[in-house]
Structures are given as C-alpha cells and as structure tokens.
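Asks: For the sequence shown, this note's numbering assigns the number 114 to the initial residue and increments by one for each residue that follows. Where is the CB? At the ideal position from N, CA and C, for every residue including glycine.
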Amino acid sequence: MNLVVNGKETDVTDGLTVNHLLVKEDVKMPEMVSVELNGRILKRSEFETTTLKDDDKVEFLYYMGGGRCL
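1. Would the stretch 140-147 count as touching the stretch 123-131 if we require 3 or more Cβ pairs under 8 Å?
2. Measure from the alpha carbon of V118 to the alpha carbon of each residue in G178, G179, K156 and L165, then state which is nearest.
3. I need the straight-line Cα distance from I154 to F160, nearest angstrom please.
4. What is the rounded straight-line gap between the Cα of K170 and the Cα of D124?
5. If you follow the alpha helix (DSSP H) that K166 is part of, which residue opens it and which one closes it?
If you want it as structure tokens, here you go:
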C-alpha cells in the first residue's frame, strides 16, 4: 500500500494504523506530534483506531518552541 508521508511516497503494509506508522517512521516523542490525515487533524484518541488506506496523505506536525535568540 502506498502513502504520502510528509510529502514523500512511502510503501507500507496493509492494515497499518496511525500509531503503527508513528513507530515505523521512528517518530521521537510522539506525544509532541499532531497528525493530519487527508487534510484533517486527528484526535490523539483516534491514532490507534484509524487504519490507513492506499493513497492516504499523512503529515506529522511537530510542536516547536519559539523565542528570541540573543
């Protein structure tokens, strides 16, 4: 099955959930990542129950601290 993950085509096994994709992509600190699936932000409670489908578009959105460097 093919997905587009963060703009890059990726081949994955069928039946993969969002949680499994986070592990497969070796996402560090997944509690600090939001996931957008086909233009919709998922609730964290949906990560385990959302099964990905062929040609889905997934974006990992990372929280970044901001501020001023001196």
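Replies: With the given structure in hand:
1. Fewer than three Cβ pairs drawn from the stretch 140-147 and the stretch 123-131 lie within less than 8 Å of each other, which leaves the two stretches out of contact.
2. Closest option to V118, Cα to Cα, is L165.
3. Rounded to the nearest angstrom, the two C-alpha atoms are 11 Å apart.
4. C-alpha of K170 to C-alpha of D124: approximately 12 Å in a straight line.
5. Looking at the DSSP string, K166 is not in any alpha helix (DSSP H), and its letter there is neither H nor E.
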